[in-house]
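Here's the structure we're looking at; comments come further down.
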Amino acid sequence: MRKVSILGATGSIGQNTIDLIRRNQDAYDVVALTGASNIAQLAKDAMALRADLAVTADAARLDELRDALRGSDVEAAAGETALIDAAARPADWIMSAIVGAAGLAPGMEALKHGTTLALANKESLVCAGSLLLKTAAAHKATILPVDSEHSAIFQALQGEDIRTVERIIITASGGAFRDWPVEDLAHATLEQAQSHPNWDMGQRITIDSATLFNKAMEVIETREFFQVTPEQIEVLIHPQSLVHALVGFRDGGMMAHVGPHDMRHAIGYALHHPTRADLPVDRLDLAAIGRLEFRDPDDARWPALRLAREAMAAGGMTGAVFNAAKETALDGFIAGAIAFPEMADIVAQTLTDMSGHSGLIGDTMTLDNVAKVDHLARKAAQAAVEKRAG
Ligand code: NAD
Ligand code: MG
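Using the working numbering, the first residue of the sequence shown is number 794, and each one after it goes up by one.
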């Protein structure tokens, strides 16, 4: 039996992971599940999967979790330290699917115990990519990508030499507003931004798909994970979302990964790696689909991609600035304080404002320093949000 844990079990990725595990439950010994506000779901899954431990990130809700687990032998815990303890429990495979920079510390802890970390939490690579990779190497831990584009690149690279790679192309659906007149974006509502044309995901990543901040983060994620240069990474708008990524080699050949847009493919690939198992995803009928379209993203609609390139060029811990500014701007949009296009303005403004802290940003990358940068960048971004909100 393989020991597995799921950090962020109640979210979209977490629930898809649980779906795969429940289909073959006898093969797994579930150690820990973590969540935040959805206590009922967390308790229900922890009992159904007979987990040893359930943890809510919200320290104030320990009693509620205990009540929900009454009658079972699942242990309950709450708060940030409990989250780290859950990540430290011995497991062969741990899914990192907390949303946001909050996923960094638990993921780092898991790596220190030499586990295989299935990484959906792209924010940790954006904020602290080199630290994560270094920690994994030092503790003989393995990181497997779960973001669909990065799983696709990883699969296309099997048996290949990374030195023969010329370019990596990741695709973007273009999100909710890909066909809107650019001038209408100023009036885009939260309701409109959080409905994705192609699939269901968490609220935050869905809005990040509409701004293309999700893709911007993924460009940085690609650079960190595969250690290629920013110039080698390209983005294409591909409304059908069936080609997830392409890898171009120096002989002119390209390997494309094609598959249905169902995260259980990438999650399942990481769960069964290095083998492939049957997965409950649709099989594509390409003749019925008929055509696949690609186009270049335009800067006026999606400035996020340019901002990611600026962040990569600035180097050091600018990724943590980029992510913190993006998360704060997103909070501002969700709260109704700023308009949709202003999210990019806030990130641009924060990158500029934070250049005054170049000493700290260029300092050694440690969890503490990343947290300091994150904190300052959130403060700067929040000030920019409040200034615009009036
Ligand atoms: P989600 O919002 O649906 O779920 C997030 C999970 O994190 C929940 O379990 C929630 O309880 C937990 N959480 C939230 N705030 C927390 C905090 N402060 N501390 C601890 N736990 C907290 O998000 P999601 O869509 O499942 O995305 C999870 C991660 O996977 C993100 O990094 C996202 O970018 C990435 N990802 C998601 C998809 C997708 O299809 N949903 C695809 C690729 C990558
Ligand atoms: Mg993705």
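No residue lacks a Cβ here, since even glycine has one placed at the ideal position from N, Cα and C.
- By the neighbour-count criterion, in which a residue is buried when 16 or more other Cβ atoms sit within 10 angstroms of its Cβ, G1108 is exposed.
- Closer than 7 Å to some heavy atom of the ligand NAD: that does not describe the Cβ of E1086.
- Judged by beta-carbon spacing, V848 lies beyond the 8 Å limit of A881, meaning their Cβ atoms are not closer than that value.
- The DSSP-derived three-state label of R859 is helix.
- Taken through DSSP and simplified to helix, strand or coil, H1037 comes out as strand.
- Remark: the shortest separation between the CB of S830 and any heavy atom of the ligand NAD falls under 7 Å.
- Taking D940 as the centre and dropping the five residues before and after it, the same chain places the C-beta of L912, A913, K915, E1011, E1014, A1059 closer than 8 Å to its C-beta, in chain order.
- For A871, the secondary structure class from DSSP, reduced to helix, strand or coil, is strand.
- Boundaries around A898 are those of the alpha helix (DSSP H), 897-905, since no beta strand (DSSP E) includes it.
- Bounds of any alpha helix (DSSP H) do not take in A1128, whose DSSP letter is neither H nor E.
- DSSP, read as helix, strand or coil, puts A1049 in strand.
- In the pairwise beta carbon analysis, the region 918-925 is classified as not touching the region 826-841: fewer than three pairs are separated by under 8 Å.
- Here the region 885-899 makes no contact with the region 854-867; the two share fewer than three CB pairs at distances below 8 Å.
- Membership of T935 in the beta strand (DSSP E) is indicated by the continuous run 935-938.
- Taking a cut-off of 6 Å from the heavy atoms of the ligand MG, the residues with a C-beta inside it are D940, S941, E942, E1011.
- The count of Cβ pairs closer than 8 Å, one atom from the region 985-1004 and one from the region 968-975, reaches three, so the stretches are in contact.
- In the DSSP assignment, S923 falls within the alpha helix (DSSP H) that extends over 915-931.
- Linking A861 to E976 through their CA atoms gives a straight-line distance of about 49 Å.
- With distances taken between CA atoms, I811 lies nearest to A890 out of Q1020, D851, A890, L858.
- L842 sits close to I814, with the two beta carbons spaced by under 8 Å.
- Distance from the C-beta of K915 to the nearest heavy atom of the ligand NAD is below 7 Å.
- Residue nearest to A965 within the set E1027, A1063, A853 is E1027 (criterion: CA-CA distance).
- In its chain, beyond the 5 residues on either side, P938 have a beta carbon closer than 7 Å to the beta carbon of F947.
- For I891, the shortest C-beta to heavy atom distance toward the ligand NAD is below 7 Å.
- The nearest non-hydrogen atom of the ligand NAD is less than 7 Å from the C-beta of M1056.
- Rounded to the nearest angstrom, the gap between the Cα atoms of D1161 and L1123 is 24 Å.
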